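Student: Reminder that position 45 of the sequence shown reads as 508 in my numbering, one-by-one numbering, no gaps.
Below: one structure in structure tokens.
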Amino acid sequence: MATGKLLAVWLVNKSGGLIYHRALREDAPTLDANACLRLASVWHSLHAISRKVAPVTGCAGIESLECDTFDLYCFQAETGMKIFVTMTKGSADASGTLRRTHRAYCDYALKNPFYEVEMPVRCELFDVAIADIARSVNERG
């Protein structure tokens, strides 16, 4: 399967609040702040519901969503925080991108003495790390 382009990165705290969103390409849909908050909340709710109604035990929730125009991939950390990325249609599995994003969050947000857990991420080094991840993913495709 072809490697897709990384369109956007979203971080949602364990309560369903959007703590980070960044569109990474010009062709990514432009959303206002309220739309971003609503989408993060809806994804959090759908993810939680899918864990409860799954017919198998130990279900981790929705991990990917394939749509007509994009693919969405999700990773839930042990803390309950969710990272999801949107990629162009036909993307390969995004688990490496999700792991690198989680590692960047741990390195640049959680280790920042001025960052408060569950609050919006406002860290320049994290922004740089996300841009580097996007650049490497998009250059591969």
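Positions of the beta carbon are idealized from the N, C-alpha and C atoms, including for glycine.
Please read these numbers as outputs of a predicted model, since none were measured by experiment.
Per DSSP, Val475 is paired with what?
Tutor: According to DSSP, Val475 bridges with Leu481 and Lys545.
Student: Measuring only between beta-carbons, confirm whether Ala491 sits less than 9 Å from chain B.
Tutor: Going by chain labels, chain B is absent from the structure shown, which holds only one protein chain.
Student: Below 8 Å on the Cβ atoms is my guess for Ser474 versus Thr560; work out the distance and round it to an integer in Å.
Tutor: Note that residue 474 corresponds to Leu in the displayed sequence, not to Ser. That pair is no contact at about 13 Å.
Student: Go ahead and pull the three-state DSSP assignment for Thr551.
Tutor: Here Thr551 sits in strand by DSSP.
Student: In this structure, does DSSP put Glu529 in helix, strand or coil?
Tutor: Strand, per DSSP.
Student: Looking at Ser599: is its Cβ nearer than 9 Å to the Cβ of Ala557?
Tutor: No, Cβ-Cβ distance for Ser599 and Ala557 is not below 9 Å.
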